[in-house]
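Visitor:
Numbering (the UniProt record's numbering), first residue to last: 1 to 105.
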């Protein structure tokens, strides 16, 4: 394994798996320039893709994830993605939102 700083300029060796990892985009995933959308075998978003689990940010992130050029995609809900933990959110939603979101949407 080794770190490749500019994967667009270096071909992936045969038999290797290319991982691309993002985290803490907090609803700003759509501002990641296309030049950083490196084709990957595995895309990992390691959490906090929203500010506080807002439905519009979650939907936008889901579309971004769908469109990203990767064979496999893994998204982990972080501590800011509170609506992905329904029991916690049901008890604490007032800390984050004026109105409670439906976590099942």
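The C-beta atom is built at its ideal place from N, Cα and C for all residues, glycine as well. If you're wondering where the values come from, they're calculated on a predicted model, not measured in any experiment.
Our contact map puts residue 26 next to residue 80 with C-beta atoms below 8 Å; I'd like the distance itself, whole angstroms only.
Guide: If you number the chain shown from 1, residue 26 lands on position 26. If you number the chain shown from 1, residue 80 lands on position 80. About 7 Å separates the two Cβ atoms, so the contact holds.
Visitor: Taking residue 97 as the reference, give the member of 83, 87, 105, 68 with the closest Cα.
Guide: Sequence index remark: in the chain shown, residue 97 carries index 97 (1-based). Among 83, 87, 105, 68, the Cα nearest to that of residue 97 belongs to 83.
Visitor: Cα separation between residue 75 and residue 94?
Guide: The residue labelled residue 75 in the question sits at position 75 within the chain shown. The residue labelled residue 94 in the question sits at position 94 within the chain shown. Going by the C-alpha atoms only, they are around 26 Å apart.
Visitor: Provide the residue(s) that pair with residue 22 in DSSP beta bridges, ordered along the chain.
Guide: Residue 22 sits at position 22 when you count from the first residue of the chain shown. According to DSSP, residue 22 bridges with 45.
Visitor: Which of the three DSSP states, helix, strand or coil, is assigned to residue 73?
Guide: What you label residue 73 is simply residue 73 of the chain shown in a count that begins at 1. Strand at residue 73.
Visitor: Rounded to whole angstroms, how far is the Cβ of residue 3 from the Cβ of residue 19, which I believe are closer than 8 Å?
Guide: For the purposes of this step, residue 3 is identified with residue 3 of the chain shown, where counting begins at 1. For the purposes of this step, residue 19 is identified with residue 19 of the chain shown, where counting begins at 1. With 8 Å as the limit, residue 3 and residue 19 do not qualify as a contact, their Cβ atoms being about 10 Å apart.
Visitor: Since residue 92 is in the alpha helix (DSSP H), which residue starts that stretch and which ends it?
Guide: Numbered from its first residue, the chain shown carries residue 92 at position 92. Per DSSP, residue 92 belongs to the alpha helix (DSSP H) from 86-92.
Visitor: Measuring alpha carbon to alpha carbon, tell me which residue in 53, 56, 41, 51 is nearest residue 15.
Guide: One-based indexing of the chain shown puts residue 15 at position 15. Among 53, 56, 41, 51, the Cα nearest to that of residue 15 is on 41.
Visitor: Helix, strand or coil for residue 62? Go by DSSP, reduced to three states.
Guide: In the chain shown, counting from the first residue as 1, residue 62 sits at position 62. If DSSP states are grouped into helix, strand and coil, residue 62 belongs with the helices.
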